[in-house]
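**Student:** Residue numbers are given in this note's numbering: position 266 of the sequence shown equals residue 263, and the series is strictly consecutive. By construction, the Cβ of each residue, glycine as well, lies at the ideal position given by its N, Cα and C atoms. Since we're looking at a predicted model, the values are computed, not measured.
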Amino acid sequence: MNIIFMGTPEFAVECLDILVKSNHNIIAVITSEDKPAGRGQKIKISEIKKYSIKNKLKILQPRNLKDYDFLNEIKLLKPDIFIVVAFRMLPKILWKIPQKGTINLHASLLPNLRGAAPIHWAIINGLKETGVSTFYIDENIDCGQVIEQKKVSILENENTGELYNRLKKIGALTILSTLEKIDTKGFKSIKQIESKENLKAPKLNRENTKIDWCKNSNEVHNFIRGLNPYPSAWTSINENKKILKIYKSRKYSSSLKAKYKPGTIIMNKNTLLISTGSGLIEVLELKMEGKKMMNNIEFNNGFKSLNKTNLS
C-alpha cells in the first residue's frame, strides 16, 4: 500500500520503522512543526522528523491542516491509506482523502481510556490489563470503528515508562497486522460499545498530577508509578511550600502502632515512609525542588528536620 504516516513523538517511531522495513511504500511523513524548547529556546525537531531525515523520507510539516496547497499536494500523492500515531486531531477534509480510510493507533483497549494519556491512566486506575487498538478515524475523537486490538497484562509494580516501551513495540506489530486485515476479503470493523464503566484518559496537568494523601496506600502507589517517569507525581511541604516530586514507591506492611495524619513523613532508620488515608507507602526515589534525584537513604540523611512534617 502507498501510505502517508502522521506522528510526532518517540512512541510513533517504532511504528514508522516497522512500516519502512515492510513491503509497504511510505510516500510521505507528516509531523509537527519545529519549535523552540527548553531554557535556551533552541529549535527542537520531532523524533519522527529525525527518523525521516535519516531514512530519506518525504517530510511535510503543515501549520494548517486545512491549507489548500497542502491538501492538494496530499491528493497528488494518491495515498491508499493514512496511518496516524500520536499526532493531532485531523479535519474531515483531510482524513477523508485516502480510498482505504485513515487509521489510528491508540494505546488502550477502546472504548476504555479514550483521551491523551491512556498509558498513565491505566496504571493510575490500578488496571491489571490494557493494550492497543487500531481504529478508523471519524468525526469524534477515539470513537471510530475498531479494526484490531491486542491485550497486555500490566505488571504489579510496572511504571508508565516501562509499559510505554512494551506497548510501542506491540503497537507497531499491530499496525502491520491491521494493514493485512484491511486487505482481507470480507473484513469488517467493529463498532465501539459505549458503557458508563469506561474510564477516561484526560491530558495531564499540574492539578491532576498532585498526590492526594487522603487516598489509600494502594491508590497513592498506583498514582506515583502511573506518573513515572513523566510528568511525575508531586506534593508540597507544608513547612516551606517547596515542591517534592516522588518517582518510585512500594507498598509497606506497617507494624507501627501510632496513627499519623495523611501525608506525614516518617523516617524510620533507612526507611522513608509517608502515611496515607489508609496505610503507609515506602518512598524509594524522589526529588526536592532545586535538588538532584535522591534515594530514600540520601533524603533521610539530608533532610532529617522534615521527619514528622506534613505534606499537602
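Got a sec, what are the start and stop residues for the alpha helix (DSSP H) glutamate 7 sits in?
**Tutor:** Here the alpha helix (DSSP H) through glutamate 7 covers 7 to 17.
**Student:** Are the Cβ atoms of lysine 97 and isoleucine 120 separated by less than 7 Å?
**Tutor:** It is not a contact, given that the beta carbons lie outside the stated cut-off.
**Student:** Beta-carbon within less than 8 Å of leucine 74's beta-carbon, same chain only, minus the 5 sequence neighbours each way: which residues are those?
**Tutor:** Excluding positions up to five away in sequence, the list reads Asn(-1), Ile1, Ile24, Ala25.
**Student:** Can isoleucine 221 and isoleucine 243 be called in contact, C-beta distance under 7 Å?
**Tutor:** Taking 7 Å as the Cβ cut-off, isoleucine 221 and isoleucine 243 qualify as a contacting pair.
**Student:** Considering Cα atoms alone, identify which of Leu308, Val81, Cys140 is closest to aspartate 209.
**Tutor:** Aspartate 209 has its Cα closest to that of Leu308, out of Leu308, Val81, Cys140.
**Student:** Checking 7 Å against the spacing of the C-beta atoms, do alanine 113 and phenylalanine 8 come in under that value?
**Tutor:** Against a cut-off of 7 Å, the Cβ pair of phenylalanine 8 and alanine 113 comes out as no contact.
**Student:** Tell me the residue span of the beta strand (DSSP E) that contains histidine 103.
**Tutor:** It spans 99 to 103 - the beta strand (DSSP E) in which histidine 103 sits, taken as one unbroken run.
**Student:** Thinking C-alpha only, which one of Leu224, Glu295, Thr232 is nearest glycine 123?
**Tutor:** The shortest C-alpha separation from glycine 123 is found at Leu224.
**Student:** When burial is assigned at 16 or more other CB atoms within 10 Å of the CB, is lysine 166 buried or exposed?
**Tutor:** Exposed.
**Student:** By Cβ distance below 6 Å, which residues in the same chain neighbour isoleucine 27 in space, the five residues on each side in sequence not counted?
**Tutor:** Around isoleucine 27: Met3, Leu57.
**Student:** Going by alpha carbons, who is nearest to lysine 212 out of Gly183, Lys258, Ile134?
**Tutor:** The shortest C-alpha separation from lysine 212 is found at Lys258.
**Student:** Should leucine 91 be labelled buried (16 or more other beta-carbon atoms within 10 Å of its own) or exposed?
**Tutor:** Per the 10 Å Cβ criterion, buried.
**Student:** Tell me whether proline 115 sits in a helix, a strand or coil according to DSSP, three-state version.
**Tutor:** Helix at proline 115.
**Student:** Rank Asn22, Arg36, His21, Ile40 by C-alpha distance to the C-alpha of glutamate 30 and give the top, closest one.
**Tutor:** Answer by Cα proximity: Ile40.
**Student:** Using three-state DSSP, classify threonine 157 as helix, strand or coil.
**Tutor:** In this structure, threonine 157 counts as helix in the three-state DSSP scheme.
**Student:** Could you check how far apart the C-beta atoms of leucine 270 and tyrosine 249 are, in whole angstroms? I think they sit under 8 Å.
**Tutor:** Contact holds; Cβ gap of about 6 Å.
**Student:** Give the DSSP-derived three-state secondary structure of arginine 36 in the structure shown.
**Tutor:** Correct three-state label for arginine 36: coil.
**Student:** According to the neighbour-count rule (16 or more other Cβ atoms, all chains shown, within 10 Å of its Cβ), is glutamine 189 buried or exposed?
**Tutor:** The residue in question, glutamine 189, is buried, as its Cβ has 16 or more Cβ neighbours within 10 Å.
**Student:** Cutting at 6 Å between CB atoms, please list the residues of its own chain near alanine 198, excluding the five before and the five after it.
**Tutor:** So the qualifying residues of the chain are Leu110, Gly112, Ala114, Pro115, Trp118.
**Student:** If you check the beta carbons only, do lysine 193 and phenylalanine 184 fall under 7 Å apart?
**Tutor:** No, the pair does not count as a contact, with Cβ atoms beyond the cut-off.
**Student:** In this structure, how does DSSP classify asparagine 222 when only helix, strand and coil are distinguished?
**Tutor:** Note on residue identity: the sequence assigns arginine, not asparagine, to residue 222. DSSP places arginine 222 in helix when its eight states are reduced to three.
**Student:** Skipping 5 residues on each side, what residues in its chain have a beta carbon closer than 8 Å to that of isoleucine 151?
**Tutor:** Around isoleucine 151: Ala119, Ile120, Leu124, Lys125, Glu126, Thr127, Leu160.
**Student:** Pick out whichever of Lys72, Tyr48, Arg85, Arg36 has its Cα sitting closest to the Cα of arginine 60.
**Tutor:** Residue Arg85 is the option with its Cα nearest to arginine 60.
**Student:** Between which residues of its own chain and threonine 306 is the CB-CB distance below 7 Å, once the five residues before and five after are set aside?
**Tutor:** Closer than 7 Å at Cβ, skipping near neighbours: Ile234, Asn235, Glu236, Ile262.
**Student:** Between which two residues does the beta strand (DSSP E) harbouring lysine 284 extend?
**Tutor:** Taken as a continuous stretch (DSSP letters only), the beta strand (DSSP E) holding lysine 284 covers 277 to 285.
**Student:** Along the chain, where does the beta strand (DSSP E) containing phenylalanine 2 start, and where does it finish?
**Tutor:** -1 to 4 is the extent of the beta strand (DSSP E) around phenylalanine 2.
**Student:** If you count every other CB in all the chains shown that lies within 10 Å of the CB of serine 275, and 16 or more means buried, which is it?
**Tutor:** So serine 275 ends up on the exposed side.
**Student:** With a cut-off of 8 Å on the beta carbons, I'd call threonine 206 and alanine 169 a contact; round off their distance for me.
**Tutor:** Going by Cβ atoms, the distance from threonine 206 to alanine 169 rounds to 28 Å, so no, they are not a contact pair.
**Student:** Have a look at glutamine 38 and lysine 288 and give me their C-alpha separation to the nearest angstrom.
**Tutor:** The straight-line gap from Cα to Cα measures roughly 23 Å.
**Student:** Could you check the C-alpha separation between asparagine 195 and serine 105 for me, to the nearest Å?
**Tutor:** Taking the straight line joining both Cα atoms gives about 11 Å.
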